[in-house]
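To keep things clear, I will list the structure first and then write my remarks on it.
Residue numbers (my numbering): -4 to 304.
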């Protein structure tokens, strides 16, 4: 498994950094709460600042929650992937032992197993493209929020400047118009507040969105590497493998033919030996018959018996 290029704990590290930066941001807000209160909440002539900044923060927190959930899911996927690799290193018969059944690598294994059982050729490129398309859909909302955050800041700035222009218009109508001056200052303050909010949210969210794409790329790459090195040799039947096995079969058959030739030679030797034994037995039987005739003749002469007796 040394040839596999996988970064372990990438999603967990990104999630940890997300929590640390969020805690640091909350601490900074608590430390400078007077300034935050003065800029965003106190003496607001219109609800524009609260509404626009609230919308930006709501969109931001929604995206952060979605990304955190994806990071947690990818951390489990990484654990399942490395568990299967450990099973492969240990040569366990069941590669899915202790692997989450709903993980990406487990689904990939079952898909290839079904294709192999159905005698269907396994198209690795099609499987990889399907996985990339499926996982890219999970980033739709974070991608939308990442693109929209900076635009919401621009929108808030435009609205705030419009409010400031209304205030300036009121001031032009009357030389002394405290309300118009207040509205103009409020509009400029709202523009500053919405711009600051959008930029800070965009920087935080954009960084972790890039981290999310890195984690996703690392996971998909790991799944494809494991598929190539561990799963394809178990299921895919290639021409090279068939030829290799066929050559092995031919070599085995050649060995069997040699054994049969050796056995045939042994049988011929045994047959020759049996024939020689039979010939020897026949000659001995002839000799025994001659000896018996001589013995019979001697007995007849000794006892003076007739040939019929």
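Think of the CB as a built atom: it goes at the ideal place given N, C-alpha and C, for glycine as much as any other residue.
Item, Value
"CA-to-CA distance, residue 250 to residue 256, given in whole angstroms", "10 Å"
"Closer than 6 Å: residue 222 CB and nearest the ligand NAP heavy atom", "Among the ligands in the structure shown, none appear at all, so the ligand NAP cannot be discussed."
"Three or more C-beta pairs below 8 Å linking the region 215 to 229 and the region 124 to 140", "yes"
"Residue environment, residue 248, which counts as buried when at least 16 other CB atoms sit within 10 Å", "exposed"
"Three-way DSSP call (helix, strand, coil) for residue 10 in this model", "helix"
"Nearest-angstrom beta carbon gap, residue 97 and residue 7 [assumed within contact, 8 Å]", "At roughly 19 Å, the Cβ-Cβ gap does not stay under 8 Å, so residue 7 and residue 97 are not in contact."
"Residue 93 - DSSP class collapsed to helix/strand/coil", "coil"
"Simplified DSSP assignment, three categories, for residue 276", "helix"
"Boundaries (first-last residue) of the alpha helix (DSSP H) holding residue 125", "119 to 131"
"Residue range of the unbroken alpha helix (DSSP H) whose run includes residue 27", "That residue, residue 27, is in no alpha helix (DSSP H); it is neither H nor E in DSSP."
"Given 8 Å, three or more beta-carbon pairs between the region 89 to 108 and the region 221 to 230", "yes"
"Opening and closing residue of the alpha helix (DSSP H) in which residue 108 lies", "99 to 112"
"Nearest-angstrom Cβ-Cβ length linking residue 193 and residue 145, presumed shorter than 8 Å", "6 Å"
"Status (buried if at least 16 other CB within 10 Å, exposed otherwise) for residue 287", "exposed"
"Integer-rounded CB distance, given that residue 57 should sit under 8 Å from residue 140", "7 Å"
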